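Using numbering that gives the first Met the number 0, you'd call the opening residue of the sequence shown number 0 and step up by one each time. Read through the structure below, which is laid out as structure tokens, and then see the notes.
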Amino acid sequence: MSVCVADENDAWNKPLESLTLEGHTAAVLCVAFSPDGETLVSGSSDKTVKLWDMSTRKLKRTLEEHSEMVAAVAFSPDGKTLASGSWDKTVQLWDIQTGQQKAVLKHSGRVHALAFSGSGAILASGDSDETVRLWNAQTGGLRQTLTGSDGPVLAVAFSPDDRTLASGGELDNTVVRLWDVQTGKLERTLKWRRVDAVRAITFSPDGLILANGSSRSEENTIRFWDTQTWEPVRAVTGHRQGVTSVVFSPDSKILASGSWDREVQLWDVQTGRFKRTLSGYGGAVFSVIFSPDGKTLASGSGDKTVRIWKMAAQ
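Have a look at this one:
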């Protein structure tokens, strides 16, 4: 187990520039960048999805079709479609250019998580009914339902090669489940001993590491797994409360984590060393995401804001 020790690199000790985007009237639960980095999307407990222009830092559009909080947002790899998942038991697909709704994918429970496959052919959704659903991203048709989880599915992520889907959740026997995308079969479970809830999962862009964030153990831990052997690489601890979100930088060198403790922490993936904390939030940090060029980190918080951080040169 690694613990929080500051990195001595001067570049990481300098203050980072930040900008706050305001407009939501309740907690911001999810954020996502378009593949070209020109648009940032945020979903909120206020039941809306907002699209922000990253060149002007101004609000472009607000989508208001959900009837409950928006818990997840995701862009298709071609940047043409936005998916939003809500506690109203739907996933809604949107045309980014026009803002028009393309399809509504109905669920039997609250939608907590979304992820597009790298090819853009499949959209995965995590549901409070303890299932993962795989959808045809073009037609909106249901391809398959993955069953076997023991609680609400709070996180889903595709491996970069699209062969594996990872899922995690609450009350699920402290495991990350790995599914074969083509067959829908459960291939493996990654387990550890403490009673925990997996609220965040992400693959490194180079495909070598899977990271998951946990929020019910005493350590509030981030775990790194080798995707070739599925053996644990390390577990790191720094947050004082549960980890809500994890994301790798595009070059796979840095992991950012958000937490109920109102902080974002940055970690060196190769060494597991803590690099720095981004603070000043007025509420829990529910979502973090890097821009495609890695120069910007965006976060959504319980203080109703989206915060944009300019990253230090590595």
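Glycine included, every Cβ here is placed at the ideal spot set by N, Cα and C. As the structure is a computational prediction, the values presented were derived from the model and not from experiment.
Check residue i in the structure and name its three-state DSSP category.
i, result
"Pro-14", "coil"
"Lys-184", "coil"
"Leu-209", "strand"
"Gly-168", "strand"
"Thr-295", "strand"
"Glu-21", "strand"
"Ser-290", "coil"
"Cys-3", "The predicted model places Cys-3 with a pLDDT of 46, which falls under 50 and marks its position as unreliable; any figure quoted below should be read in that light. Looking at Cys-3 - three-state DSSP - the assignment turns out to be coil, as it is neither helix nor strand."
"Gly-42", "strand"
"Gln-264", "strand"
"Trp-51", "strand"
"Gly-36", "coil"
"Ser-214", "coil"
"Thr-80", "strand"
"Ser-300", "strand"
"Thr-163", "strand"
"Ala-73", "strand"
"Ala-156", "strand"
"Ala-283", "coil"
"Ala-31", "strand"
When you compare each of the options to residue i by their alpha carbons, which one comes out closest?
i, options, result
"Ala-26", "Met-310, Arg-261, Gln-269, Lys-294", "Arg-261"
"Trp-191", "Thr-295, Gln-181, Thr-182, Gly-212", "Gly-212"
"Thr-228", "Thr-243, Arg-187, Arg-239", "Arg-187"
"Gly-206", "Trp-86, Gln-143, Gly-271, Pro-159", "Pro-159"
"Ser-314", "Ser-127, Glu-37, Asn-135, Thr-138", "Nothing can be reported for residue 314: it is not among the residues displayed for the chain, which extend from 0 to 313."
"Ala-123", "Ala-71, Asp-149, Lys-79", "Ala-71"
"Gln-181", "Ile-208, Trp-134, Trp-259", "Trp-134"
"Val-263", "Arg-275, Gly-271, Lys-252", "Arg-275"
"Gly-271", "Val-284, Thr-163, Pro-231", "Pro-231"
"Gly-299", "Ser-54, Val-69, Pro-14", "Val-69"
"Glu-63", "Ser-85, Pro-204, Ser-278", "Ser-85"
"Ala-73", "Leu-185, Gly-108, Gly-125, Lys-57", "Gly-125"
"Phe-32", "Glu-21, Asp-292, Asp-87, Thr-243", "Asp-292"
Just to confirm the assignment, what range does the beta strand (DSSP E) spanning residue i have?
i, result
"Arg-60", "57-62"
"Pro-231", "231-236"
"Trp-178", "174-179"
"Gly-201", "Before going on, a small fix: residue 201 reads as Thr here, not Gly. Where Thr-201 is concerned, the enclosing beta strand (DSSP E) stretches over 197-202."
"Asp-87", "From DSSP, Asp-87 is part of no beta strand (DSSP E); its letter is neither H nor E."
"Arg-222", "220-225"
"Trp-308", "304-309"
"Arg-275", "273-277"
"Ala-255", "253-258"
"Thr-243", "242-247"
Can you give, in chain order, each stretch of the alpha helix (DSSP H) that sits fully within the stretch 89-145 and has at least 4 residues?
Segments of the alpha helix (DSSP H) lying fully in the stretch 89-145: there are none.
Per the contact definition of three or more C-beta pairs closer than 8 Å, is the stretch 92-105 in contact with the stretch 144-153?
No: fewer than three Cβ pairs fall under 8 Å.
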